[in-house]
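J.: I have a structure here, written as structure tokens, and I will follow up with some questions on it.
In this note's numbering, the protein residues as written are 14 to 92.
Pasting the structure below:
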């Protein structure tokens, strides 16, 4: 059994990492810890960490984070 990723899988993974990186960068620019953001947007610290690691790119959660950080949703590649 191989662990090879298809090109589509790699592109999807990179996209999620980019979104996660944008969330982390925006959070840090605001001076927020994960806990601060958690309290502000109503998500758990674990949910935010998963998003920042690229394991979750749920648009509804990203919109809540964008609102809490007072950044446009387009910061996280959302319309």
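Ideal Cβ positions, reconstructed from N, Cα and C, are used throughout, including at glycine.
1) What does a CB cutoff of less than 8 Å around residue 80 pick up in its chain, not counting 5 residues either side in sequence?
2) Are residue 36 and residue 78 close, meaning C-beta to C-beta below 7 Å?
3) Give me the Cα-Cα distance between residue 57 and residue 74, rounded to the nearest whole angstrom.
4) Give the DSSP-derived three-state secondary structure of residue 70 in the structure shown.
T.: Let me lay it out:
1) These residues qualify, in order along the chain: 54.
2) Result yes, Cβ atoms of residue 36 and residue 78 sit closer than 7 Å.
3) One C-alpha to the other measures close to 11 Å.
4) Residue 70 carries a coil assignment under DSSP once its states are collapsed to helix, strand and coil.
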